[in-house]
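Protein chains in written order, with my numbering: chain A, 1 to 705; chain B, 1001 to 1148.
The C-beta atom is built at its ideal place from N, Cα and C for all residues, glycine as well.
Keep in mind it's a predicted model, so treat the numbers as computed, not measured.
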């Protein structure tokens, strides 16, 4: 081998697919030309609840150039494969409609105009039923979680008890590339689906189930993907199965690409919820007990709701040590489009409430909330709400110290109508799957030393902008002692790569990255005795020090936690109610920054998504659907709205992460919202219990003071 | 109908009412230009028409007769990346990359101006191009690193 190359881990090497992305060469789903492909379209319900009485295709229209797929055309189970079997691929005639925009029919034709015309020739009649529109009136419960530590104290003699209820709203992931898939029928009953997606094997399982395909007949290929944020975790299964059904019936490739309006109207959102806290403290601020109730709105179908609820519940007590904790969480069904995965996965919702409770308790006691956090926060050796003893890499003090040090002295506002304020939050986020998730999943990667002397990583972990391809290459190259250009990645194609598990839960760098590092190390050893080509497979083995009891919710909920302290400065315009986040500092304990620029990029992007959630991103409901289902009305932060985000990376290694790295993809979604609400209070003297903090809410709160 | 695409004369025989975005992507193979919303809100479809940033989803191809169009494919000079493209890669300004073509074109125009840019100028100049990955900080830094 040539002279030892400079190691790349810890250096911000160029993104591996960077040149393709800055020149327009990168091929996203809709960029892929497939000769002879027809255009698909989904026909959806216009009511929130009821039954389909009849479906009529206008006989006057020439249907000979259109393929129509109904539930009767599904060869396998009419089920979107995920956790529960409650969601149909298509609602059959006579079937129950549970939400607006529910798929009923699929159309495909050689050109867009014909599809659009055909769509206008379909009449669907319904029996209407009264929709359940809010969690207060919901009766169907998807799942519950109960966490108990010690005993909630009932004898409150001599204690301060603070009670408060918080509400969080829906949020759209708003990846800039809408959902889309292209399905191509091939020989031997193979259907190849190319799509914009995070989890190739989720889609693979969904295709097998609905189209009754074998492992080999279902082939899923990830195209370059224009953002995910959880929105392309489970929903792409629906797009892919629909495209495949059309392609199967048409006997030719079909493109099913959503436009923004359809994507906003029909796809999953962040779960809204109501979180109630009752906290008892001694007069000196000693935390005695936390009693927390969480209700999340799952929407019409289960999707990933039980897992989201689980993460929400586990994080609900916040980054604090309390001897007595009771957390009762439930997720209920309403007749809105199903909610699903979104960066943070329930934790941002419950941490929002937990962090604001610190503020309210501090206010009651007349203490500084920073001092109260110092008194309460989890430290090495402390025990979480699930009884997990934190045995390593606990960054609470480090991040709090670093963020306070970095925050600049606030300047007075420059306009008389503007008031300026500052707020802080301290959060933790479990890296990787909850509890026994990784053990059940056994994520696997392949690693090859090729005959030409280069190396190849085989993984289903996807690049969605967060840097998977670069970080895996760095880990492999350093383990092998070769340059980055000696390492390639096989395409994320289920016919080529093993199931490494989904690209979710801040697990890719930490869990799968570690497997890449181990496999490369093993290959390096073998090359001392053997000649290429060589291949190894590595699967995750849960360390026997991790114990989790799923039935009691006791034990090690996560292998490790990442920590963040965020300080937000806001300007509140007292005449318009407008909130502007002017500065955001966040200190993050990431274990090890494998690629500092990408780590910062994840944190900055996540923080801005949280700023949007806290301030301007609001979905208004109307008749069970989203009223503002266009990008002209659902607003996300622009470059003008965004504060300059300053990230401080703190390396506090985790023994089982590659080079000590912990997952940080979701963490930045947790901290900004409560910091912003605290900053609004600092500026105006009013407490908002609900986000987004829209001008209407800010003005109303100030007026009622 | 004739116009110039990235310095090359092209002709197009279809309906002049079609969106420039679709003609670029489907007829001329210039798929670097992306559709994010189709309503002129996100800027993913930004192209330059005679040097000005325009949302190609809002323009009928008939309107560009005889004009000069630049797409992301036209930025690099014979395969050599511009300083701006290089800065986007090095400074982490491209994550998922879907907004990158439009963002690069908008930034390219900003950098054509004669005065030294401030961060606020860049924010203003890129306000029509949405990014959901970066929080904009690294994009702004990349553009500022190329300012005179």
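At a Cβ threshold of 9 Å, is residue 174 (chain A) touching chain B? In the first chain, the residue the question calls residue 174 (chain A) occupies position 174. Closer than 9 Å to some Cβ of chain B, the Cβ of residue 174 (chain A) qualifies, so yes.
Looking at the secondary structure, which residues open and close the alpha helix (DSSP H) in which residue 249 (chain A) lies? Your numbering for residue 249 (chain A) matches position 249 in the first chain. Note, residue 249 (chain A): alpha helix (DSSP H), 235-250.
Short-range partners of chain B found in the stretch 241-265 of chain A, where Cβ spacing is below 7 Å: 259 and 260
Got a sec: is the Cβ-Cβ distance from residue 192 (chain A) to anything in chain B below 9 Å? Translated into the one-based positions of the first chain, residue 192 (chain A) becomes position 192. It does not; no Cβ of chain B falls within 9 Å.
What did DSSP end up calling residue 390 (chain A) once you bin it into helix, strand or coil? What you label residue 390 (chain A) is simply residue 390 of the first chain in a count that begins at 1. Note: residue 390 (chain A) maps to coil in three-state DSSP.
Cβ-Cβ distance between residue 672 (chain A) and residue 579 (chain A) below 9 Å: Along the first chain, one-based indexing puts residue 672 (chain A) at 672. Along the first chain, one-based indexing puts residue 579 (chain A) at 579. No. Outside cutoff.
Using a Cβ-Cβ cut-off of 8 Å (strictly less than) and excluding sequence neighbours within five positions of residue 400 (chain A), which residues of its own chain qualify? Along the first chain, read from residue 1 onward, the residue named residue 400 (chain A) stands at position 400. So the qualifying residues of the chain are 370, 373, 374, 377, 426, 565 and 587.
According to DSSP, which residues form a beta bridge with residue 565 (chain A)? The residue given as residue 565 (chain A) occupies position 565 in the first chain. Residue 565 (chain A) pairs with A:426 and A:587.
Whole-angstrom distance between residue 245 (chain A) and residue 194 (chain A), CA atom to CA atom: Taking the first residue of the first chain as position 1, residue 194 (chain A) is located at position 194. Taking the first residue of the first chain as position 1, residue 245 (chain A) is located at position 245. For residue 194 (chain A) and residue 245 (chain A), the distance between alpha carbons rounds to 14 Å.
Interface positions of the stretch 21-35 of chain A facing chain B (Cβ-Cβ less than 9 Å), listed along the chain: 21, 22, 23, 24, 25, 26, 27, 28, 30, 31, 32 and 33
So, for residue 692 (chain A): in the same chain, excluding its five sequence neighbours on each side, which residues have a beta-carbon less than 7 Å away from its beta-carbon? By one-based count along the first chain, residue 692 (chain A) stands at place 692. Excluding positions up to five away in sequence, the list reads 169, 613, 614, 615, 616, 617 and 618.
Cβ shell of residue 500 (chain A) (< 7 Å), same chain only, five flanking positions each side left out: Residue 500 (chain A) sits at position 500 when you count from the first residue of the first chain. 443, 444, 445, 459, 460, 461 and 512, listed in sequence order.
So, helix, strand or coil for residue 153 (chain A), using DSSP? If you number the first chain from 1, residue 153 (chain A) lands on position 153. Note: residue 153 (chain A) maps to coil in three-state DSSP.
Could you tell me if residue 253 (chain A) is buried or exposed, where buried requires 16 or more neighbouring beta carbons within 10 angstroms of its beta carbon? Position 253 of the first chain, counted from the first residue, corresponds to residue 253 (chain A). Label assigned to residue 253 (chain A): buried.
Helix, strand or coil at residue 2 (chain A) [DSSP, three-state]: Walking along the first chain from the start, residue 2 (chain A) turns up at place 2. In this predicted model, residue 2 (chain A) has a pLDDT of only 49, less than 50, meaning its place in the structure is not dependable enough to derive any value.
The alpha helix (DSSP H) that contains residue 469 (chain A), what's its start and end? Here residue 469 (chain A) refers to the residue found at position 469 when the first chain is read from its first residue. Note, residue 469 (chain A): alpha helix (DSSP H), 468-480.
Looking at residue 173 (chain A) and residue 228 (chain A), is the spacing between their C-beta atoms short of 9 Å? In the first chain, the residue the question calls residue 228 (chain A) occupies position 228. In the first chain, the residue the question calls residue 173 (chain A) occupies position 173. It is a contact, given that the beta carbons lie within the stated cut-off.
Are the beta-carbon atoms of residue 250 (chain A) and residue 67 (chain A) separated by less than 9 Å? In the first chain, the residue the question calls residue 250 (chain A) occupies position 250. In the first chain, the residue the question calls residue 67 (chain A) occupies position 67. Their beta carbons are under 9 Å apart, which means residue 250 (chain A) touches residue 67 (chain A) by this criterion.
Interface residues of chain B around residue 638 (chain A) at Cβ under 7 Å? Looking up residue 638 (chain A) in the first chain gives position 638. Under the 7 Å cutoff, chain B gives 1127 and 1130.
Taking C-alpha atoms, which residue in A:346, A:128 and A:626 lies nearest to residue 266 (chain A)? Along the first chain, one-based indexing puts residue 266 (chain A) at 266. Minimum Cα distance to residue 266 (chain A) is reached at A:626.
7 Å CB neighbourhood of residue 655 (chain A) in its chain, flanking five on each side removed: If you number the first chain from 1, residue 655 (chain A) lands on position 655. The answer, listed in chain order, is 392.
Check for me: the beta strand (DSSP E) holding residue 364 (chain A) runs from which residue to which? Position 364 of the first chain holds residue 364 (chain A). Taken as a continuous stretch (DSSP letters only), residue 364 (chain A) belongs to no beta strand (DSSP E), being part of the alpha helix (DSSP H) at 347-365.
For the stretch 111-138 of chain A, list every residue whose C-beta sits within 8 Å of some C-beta in chain B, in sequence order. none
Closest to residue 87 (chain A) by C-alpha separation, out of A:517, A:390, A:142 and A:553, would be which residue? As a first step, residue 87 (chain A) must be located in the first chain, where it is residue number 87. The shortest Cα separation from residue 87 (chain A) among A:517, A:390, A:142 and A:553 belongs to A:142.
Quick check: is the beta carbon of residue 468 (chain A) nearer than 9 Å to any beta carbon in chain B? Along the first chain, one-based indexing puts residue 468 (chain A) at 468. Chain B, which has no Cβ nearer than 9 Å to the Cβ of residue 468 (chain A), makes this no.
Interface flag, residue 178 (chain A) vs chain B, CB-CB below 9 Å: In the first chain, the residue the question calls residue 178 (chain A) occupies position 178. By this cut-off, residue 178 (chain A) is an interface position.
I want to see whether chain A comes within less than 9 Å of residue 1012 (chain B), judged by CB atoms only; does it? Counting from 1 along the second chain, the entry for residue 1012 (chain B) is found at position 12. No, residue 1012 (chain B) does not count as interfacial toward chain A.
Meets three-Cβ-pair contact criterion under 8 Å: the stretch 350-357 of chain A and the stretch 183-201 of chain A: no
Just verifying my parser: in three-state terms, what is the DSSP assignment at residue 674 (chain A)? As a first step, residue 674 (chain A) is located in the first chain; it is residue number 674 there, counting from the start. Residue state, collapsed to three classes: helix.
If you draw a straight line from the alpha carbon of residue 478 (chain A) to that of residue 547 (chain A), how long is it in whole angstroms? Stepping through the first chain from its first residue, residue 478 (chain A) is reached at position 478. Stepping through the first chain from its first residue, residue 547 (chain A) is reached at position 547. One C-alpha to the other measures close to 32 Å.
Between residue 630 (chain A) and chain B, is any beta-carbon pair separated by less than 9 Å? As a first step, residue 630 (chain A) must be located in the first chain, where it is residue number 630. So, interface residue.
Cutoff 9 Å: residue 464 (chain A) Cβ touching any chain B Cβ: The sequence position of residue 464 (chain A) within the first chain is 464, counting from 1. It does: the Cβ of residue 464 (chain A) has a partner Cβ on chain B nearer than 9 Å.
In whole angstroms, give me the CA-to-CA distance for residue 1002 (chain B) and residue 1011 (chain B). Your numbering for residue 1002 (chain B) matches position 2 in the second chain. Your numbering for residue 1011 (chain B) matches position 11 in the second chain. Roughly 4 Å separates the two Cα atoms.
Bridge-paired residues (DSSP) for residue 40 (chain A): Within the first chain, numbered from 1, the residue matching residue 40 (chain A) stands at position 40. Beta-bridge pairing links residue 40 (chain A) to A:108.
Chain-ordered residues of the stretch 1032-1049 of chain B with a beta carbon less than 8 Å from chain A: 1032, 1033, 1034, 1035, 1036, 1037, 1038, 1039, 1041, 1042 and 1044
Is there contact here, the stretch 100-112 of chain A with the stretch 303-321 of chain A, by at least three beta-carbon pairs under 8 Å? no
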